[in-house]
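Numbering (the numbering used here), first residue to last: 17 to 276.
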Ligand code: BTN
């Protein structure tokens with residue numbers, strides 16, 4: 017059994033997240049493996065971990081590079097309908113808090129990219145299994161760059177970083193996964209307090225207070241990112257003063273709220 021499985025099975029104290037673990041040294045995408053498991057009745061909290069992914073998926077049709085040394089995990093959730101809009105906040109905060117325990121200050125870029133000093137260290141993809149239009153399960157896919165040198169991968173070198181690059185040394189992927197699952201479970205169980213979750217999410221979001229460009233439905237919209245509403249949508253004040261509610265999209269910062 018690989019070390020990470022031994023480590024997690026021996027040390028996890030969660031009630032359900034990560035209690036059933038599936039490890040694959042190499043796979044196409046942990047999202048696909050988790051969907052297959054969920055379709056066959058895997059319990060809530062079951063998680064897939066891959067040593068490497070050959071066709072990792074990102075948001076908005078992008079790919080996700082998953083070399084050895086990263087954490088690629090997909091967690092099966094069966095959320096009640098009111099919890100669905102909270103999943104981006106819950107996932108981003110779980111990673112944000114995990115990275116904080118390493119002594120690193122991370123930032124959230126709406127909805128759930130995690131950056132360190134402007135460079136992406138983690139991406140999150142949430143996909144849903146539907147029956148007759150109703151969500152039967154959600155797959156929360158989290159990719160964290162941990163122990164590899166992002167400058168050696170030309171596709172991501174210009175905008176990505178990893179935890180080992182930031183710390184100057186490698187760390188245990190198992191320890192990161194343990195903390196991540198623990199934070200995730202705590203936040204998920206608190207989903208009856210959406211305001212607390214949305215407030216912590218927004219408070220650590222570099223997007224708020226920045227001038228941004230949002231690519232949404234194939235058009236670019238510029239404006240000031242003002243706030244997050246109760247549905248987790250981004251409120252963008254356009255130059256004509258109107259406020260646009262952005263449900264999904266890719267945000268790039270034009271001015272940076274940190275530099276004020
Ligand atoms: C993004 O930033 O666009 C989201 C990236 C999500 C990557 C993770 S890695 C684990 C899971 N498996 C995948 O194929 N994608 C997600």
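Cβ coordinates follow ideal geometry from the N, Cα and C atoms, glycine included.
- With distances taken between CA atoms, residue 205 lies nearest to 61 out of 61, 176 and 267.
- If you draw a straight line from the Cα of residue 136 to the Cα of residue 125, it comes to about 9 Å.
- Taken from the Cβ of residue 24, every heavy atom of the ligand BTN lies 7 Å or farther away.
- C-alpha of residue 217 to C-alpha of residue 37: approximately 28 Å in a straight line.
- The C-beta distance from residue 63 to residue 106 rounds to 15 Å, too long to fall under 8 Å, and the pair is not in contact.
- By a beta-carbon distance limit of 8 Å, residue 182 contacts residue 132. Their separation comes to about 5 Å.
- Contact between the segment 229-242 and the segment 250-266 is present, with at least three C-beta pairs closer than 8 Å.
- Inclusion of residue 45 in the 7 Å shell around the ligand BTN follows from its C-beta lying nearer than that to a non-hydrogen atom of the ligand.
- Fully contained in the segment 142-197 are the following beta strand (DSSP E) runs of length 3 or more, in chain order: 150-160.
- Taking 8 Å as the cut-off, the beta carbon of residue 140 is found no closer than this to the beta carbon of residue 92.
- The C-beta distance from residue 160 to residue 166 rounds to 12 Å, too long to meet the 8 Å contact threshold.
- The DSSP-derived three-state label of residue 139 is strand.
- Within a 10 Å sphere around the beta-carbon of residue 112 sit 16 or more other beta-carbons, which makes this residue buried.
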